[in-house]
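A.B. asks:
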Amino acid sequence: MNEKAIKKLRHKFILIAFISFMLVMATMSITIFTANLISTTRQVYNTLNFLAEGGSEQVVLFNDFSTEDEAPPDDGSFLSGFYNAMQDMFNTNAKSNEEIMFSLRYFAVVFKEGEEPEVFHLFEMNEEEAVHRAQLVLAENREFGVEDNLAHIIKTKKDTTVVLFMNVETERANVRRVGNIALFLTVFGSILAFVIIRIFSNFAIRPEIRNAENQKKFITNASHELKTPLAVIRANTELEMMMHGEDEWNRSTMNQVDRMTGLIQNLVMIARADEKANKEDMAETDVSKVVSDTADTFLPVATQSGKSMRKEISEGVTMLTNEAHIRQLVSLLVDNAIKYCDDGGEIGVLLSQKGKGVRIEISNSYAEGGSQDYSRFFDRFYRQDESHNIDKGGYGIGLSIADSLVRRYKGKIDVSWKDGVISFVCVLKGA
Numbered sequence: 029m030n031e032k033a034i035k036k037l038r039h040k041f042i043l044i045a046f047i048s049f050m051l052v053m054a055t056m057s058i059t060i061f062t063a064n065l066i067s068t069t070r071q072v073y074n075t076l077n078f079l080a081e082g083g084s085e086q087v088v089l090f091n092d093f094s095t096e097d098e099a100p101p102d103d104g105s106f107l108s109g110f111y112n113a114m115q116d117m118f119n120t121n122a123k124s125n126e127e128i129m130f131s132l133r134y135f136a137v138v139f140k141e142g143e144e145p146e147v148f149h150l151f152e153m154n155e156e157e158a159v160h161r162a163q164l165v166l167a168e169n170r171e172f173g174v175e176d177n178l179a180h181i182i183k184t185k186k187d188t189t190v191v192l193f194m195n196v197e198t199e200r201a202n203v204r205r206v207g208n209i210a211l212f213l214t215v216f217g218s219i220l221a222f223v224i225i226r227i228f229s230n231f232a233i234r235p236e237i238r239n240a241e242n243q244k245k246f247i248t249n250a251s252h253e254l255k256t257p258l259a260v261i262r263a264n265t266e267l268e269m270m271m272h273g274e275d276e277w278n279r280s281t282m283n284q285v286d287r288m289t290g291l292i293q294n295l296v297m298i299a300r301a302d303e304k305a306n307k308e309d310m311a312e313t314d315v316s317k318v319v320s321d322t323a324d325t326f327l328p329v330a331t332q333s334g335k336s337m338r339k340e341i342s343e344g345v346t347m348l349t350n351e352a353h354i355r356q357l358v359s360l361l362v363d364n365a366i367k368y369c370d371d372g373g374e375i376g377v378l379l380s381q382k383g384k385g386v387r388i389e390i391s392n393s394y395a396e397g398g399s400q401d402y403s404r405f406f407d408r409f410y411r412q413d414e415s416h417n418i419d420k421g422g423y424g425i426g427l428s429i430a431d432s433l434v435r436r437y438k439g440k441i442d443v444s445w446k447d448g449v450i451s452f453v454c455v456l457k458g459a
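Using the working numbering, read the sequence shown as starting at 29 and increasing by one per residue.
(1) Going by beta-carbon coordinates alone, are L192 and A136 separated by less than 7 Å?
(2) Take the Cβ of K335 as the centre, count every other Cβ of all protein chains shown within 10 Å, and call the residue buried at 16 or more, exposed below.
(3) Should the segment 34 to 41 be regarded as contacting the segment 163 to 172, the criterion being three or more beta carbon pairs within less than 8 Å?
(4) With H, G and I counted as helix, E and B as strand and the rest as coil, what does DSSP make of V196?
(5) Helix, strand or coil, according to DSSP, for K457 in the structure here?
(6) Spell out a yes or no on whether the segment 142 to 154 and the segment 197 to 207 are touching, meaning 3 or more CB-CB pairs, one atom from each, closer than 8 Å.
(7) Under the three-state reduction of DSSP, which class applies to F93: helix, strand or coil?
(8) What residue from T189, A63, G426, S48 has the CA that sits closest to A80's CA?
(9) Helix, strand or coil for R170 per DSSP?
(10) How big is the Cα-Cα spacing for T256 and F49?
(11) For the putative contact between L357 and L433, defined by C-beta atoms under 8 Å, what is the C-beta separation to the nearest angstrom?
(12) Is the Cβ-Cβ distance between V443 and Y394 less than 7 Å?
(13) Please classify G439: is it buried, with 16 or more other beta-carbons within 10 angstroms of its beta-carbon, or exposed?
(14) Strictly by DSSP, which residues pair up with G334?
(15) Can you tell me which of the three DSSP states D442 falls into?
(16) Among Q71, I60, R387, A54, which has the Cα closest to the Cα of N195?
(17) Could you tell me which of I44, K185, M288, D321 sits nearest to A352, measuring between CA atoms?
(18) Comparing C-alpha positions only, which one of D314, A250, S229, D324 sits nearest to T346?
(19) Indicate the three-state DSSP secondary structure (helix, strand or coil) for Q71 in the structure shown.
(20) Compute the Euclidean distance between the alpha carbons of Q381 and C454, then round it to the nearest angstrom.
(21) Using a Cβ-Cβ cutoff of less than 6 Å, which residues in the same chain neighbour V147 once the five nearest sequence positions on both sides are dropped?
(22) For K183, count the other beta carbons within 10 Å of its own beta carbon; 16 or more makes it buried, fewer makes it exposed. Which is it?
(23) Could you please give the first and the last residue of the uninterrupted beta strand (DSSP E) stretch that includes Q356?
(24) Tell me whether the beta-carbon of N283 lies closer than 7 Å to the beta-carbon of M269.
(25) Count the other C-beta atoms from every protein chain shown that fall within 10 angstroms of the C-beta of K367, then say buried if there are 16 or more, exposed otherwise.
(26) Please list the terminal residues of the continuous beta strand (DSSP E) segment that includes D431.
(27) In the structure shown, what three-state DSSP assignment does D153 receive?
(28) Please confirm whether G397 and I450 have their CB atoms less than 7 Å apart.
(29) Given a cut-off of 7 Å, decide if V285 and I261 are closer than it, judged by their beta-carbon atoms.
(30) So the candidates are E389, L295, G273, R287; which of them puts its Cα closest to the Cα of A323?
(31) So, are the CB atoms of I15 and I237 less than 7 Å apart?
(32) Are V296 and S342 close, meaning C-beta to C-beta below 7 Å?
(33) Compute the beta-carbon to beta-carbon distance between S57 and L213, rounded to the nearest angstrom, for a pair I have assumed lies under 8 Å.
(34) Grab the span of the alpha helix (DSSP H) containing A323 for me, first residue to last.
(35) By DSSP's criteria, H39 is part of a beta bridge. Which residues make up the other side?
(36) Roughly how many angstroms separate the alpha carbons of G173 and I181, rounded to a whole number?
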């Protein structure tokens, strides 16, 4: 894995960790806010029930009403104990004593058939407004609700209906306060987590980046050191062939030397292909001429193997690029197309302008392409034809190098197969 891939993996890790932390924080905040809202609502409801039971000695009409939210007696069962424990945890039971009266602001409107409405414990409004508000609540037929910082409950017995109102401005303010604190902690915690994850992930990838750089240096140095013994072996073998003639043994030695030389060259190309494109080495290039000339160099090879080549190259296609990169890319793809093209098949080379960049398509006849795993074509050392890779002379790294070259220009390479033809489409973006 090269330095660029390691940094890309780091960014993915930061993103996944950050999103995961945000989801956890948001879930916790929503849970806390919801639990507090439910707890406060139940507290208000139970308090209104307490008042309706007779919490005010001045409203005798309430004495006969009973609460519907009383906790069941503890009979020793698990469910009974669990219910009472939850009630205590969320504080949903109103105080069952008269001290609660000193901290509440409430009023009641009593309706009896054939009589005028009566108002008790009125505050902050006149009787006419209180009766009107009670009539609106009765018209809506909502037993319990909250509106304009006033919670209400409706109790009816025989010919008497009582609408009890209580000011819940403080309770609603507490709910908003908890919500704001939860939101602040979610945002602040997420930002802090992002900074911490980014810092520590940077420390974590430093050894991997050093290993990638050392690996690249090793490949370059080892390739350079291997060139000398290969050159000596080639020279000795050529001398032996001149002195004693060519036979299957020295021919095999020369073939293996050629294969080893090609493998070393490809390893060096892998190390260099992972580097970023240097704009100082770029120039406005006639890509049409470069692609056409490169394809022509493979025409004798294709003809000799009984295959034809078709070129559809638009004229005047230019791009700010390194000419050597275009030649290498086209060479790799055309060479691959010739190796895996069906006998008597056709290789296609197409080029067109795409914005400031270019679109290069290399295709070839490949009848058995429908059974291939195209998701692995650009993996290093992956061979699409394991049974014939030695005869075809492939190393399994050509397409990987092509992919690296395309990515240097922030482009994309795709492979597809349709109607017996496999196509490699490269889109290179202009610098």
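Idealized CB from N, CA, C, for every residue including glycine.
Owing to the predicted nature of the structure, the values given are computational and were not obtained by experimental measurement.
C.D. replies: So, from the data block:
(1) yes
(2) buried
(3) no
(4) coil
(5) It is coil, neither helix nor strand.
(6) no
(7) Here F93 scores only 43 on pLDDT, less than 50, and its place in the model should not be relied on; the value that follows carries that caveat. Of the three classes helix, strand and coil, the one that applies to F93 here is coil, per DSSP.
(8) T189
(9) Residue state, collapsed to three classes: coil.
(10) 55 Å
(11) 5 Å
(12) No, these two residues do not count as a Cβ contact at 7 Å.
(13) buried
(14) Per DSSP, G334 has no beta-bridge partner at all.
(15) strand
(16) Distance from the Cα of N195 is smallest, within the candidate group Q71, I60, R387, A54, for Q71.
(17) D321
(18) D314
(19) When DSSP states are grouped into helix, strand and coil, Q71 belongs to the helix group.
(20) Roughly 12 Å between the two C-alpha positions.
(21) Within the same chain, V147 has close Cβ partners V137, E155, A158.
(22) buried
(23) Run containing Q356: none in the beta strand (DSSP E); it sits in the alpha helix (DSSP H), 351 to 368.
(24) no
(25) buried
(26) Unbroken run through D431 is the alpha helix (DSSP H), 426 to 436; no beta strand (DSSP E).
(27) Residue identity differs from the one stated: residue 153 is Met in this sequence, not Asp. Coil at M153, not helix or strand.
(28) yes
(29) yes
(30) E389
(31) The question about residue 15 has no answer, for the chain in this structure spans 29 to 459.
(32) no
(33) Here S57 really is in contact with L213; their C-beta atoms are around 7 Å apart, less than 8 Å.
(34) 315 to 325
(35) According to DSSP, which records beta bridges pairwise, H39 is partnered with nothing at all.
(36) 7 Å
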